[in-house]
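Trainee: Numbering (the numbering used here), first residue to last: 1 to 198.
We put the beta carbon where it would ideally sit given N, CA and C, even for glycine.
Keep in mind that this is a model prediction, so the values were computed, not measured.
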Ligand SMILES: C[S@@+](CC[C@H](N)C(=O)[O-])C[C@H]1O[C@@H](n2cnc3c(N)ncnc32)[C@H](O)[C@@H]1O
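The following block contains the structure:
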């Protein structure tokens, strides 16, 4: 499935070496376009429009999926009582970001974002400037599970429940890169009463 997605020209979701290359469509920015954002290039818009032409329902689907993310975080923080979130495959910040929803329910919620796209990194850093709530951003590839968990552990306490959010990202990981095994490894690092949402 990953090979069919307008990510990079290669078969993996690794960003272009050296950082940002807006001449190549990237899913973070394509997704931003579908959500009505402005942080996308001509290449992203062209790829996004090709998908819309082939499947117009994509616009409804990405909005529903974004609403699911917010609803899941609201439920986990407000009803289940989770206070730590690891949001992997963050995307370019838009409305109702994970830390805003979680900390809206309980200000002490700790949130770590993980993404491997330079534009997401730039926006996330800007979003978090001046934020006093416990929120951090990790620039890492989710396939590098060891780095993701080690960096997340700088803010999150893995002896207490963690909600691992993998919303709309696992389909971008090719089968040969073992998405299931990587999820299992992340799950084994989280104590009982932790949750995963994908
Ligand atoms: C479709 S967006 C989903 C955004 C967000 N989770 C949401 O539900 O609104 C997928 C995000 O995953 C990121 N991503 C793709 N492959 C990744 C990888 N191997 N490691 C980390 N992030 C990745 C992309 O940069 C993009 O921001």
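Within the continuous alpha helix (DSSP H) that includes residue 85, where are the two ends?
Mentor: Careful: residue 85 lies outside any alpha helix (DSSP H), inside the beta strand (DSSP E) at 84-88.
Trainee: Opposite residue 31 in the DSSP bridges: which residues?
Mentor: According to DSSP, which records beta bridges pairwise, residue 31 is partnered with nothing at all.
Trainee: Starting from residue 135, follow its DSSP beta bridges and name the residues at the other end.
Mentor: Partner(s): 111.
Trainee: Whose C-alpha, out of 79, 91, 193, is nearest the C-alpha of residue 162?
Mentor: That would be 193, whose Cα lies nearest to the Cα of residue 162.
Trainee: Could you check if residue 90 belongs to the surroundings of ligand 1, using beta carbon to heavy atom distance under 7 Å?
Mentor: Flag set: Cβ of residue 90 near ligand 1.
Trainee: Between residue 148 and residue 140, how many whole angstroms is the CB-CB distance? I'm expecting something under 8 Å.
Mentor: 5 Å between Cβ atoms; contact.
Trainee: What does DSSP give as the partner residues of residue 162 in its beta bridges?
Mentor: The partner list for residue 162 (beta bridge, DSSP) is empty, contrary to what the question assumes.
Trainee: Taking just the CA atoms, how far does residue 198 sit from residue 83?
Mentor: Whole-angstrom Cα-Cα distance: 18 Å.
Trainee: Have a look at the DSSP bridge pairing and note the partners of residue 197.
Mentor: According to DSSP, residue 197 bridges with 165.
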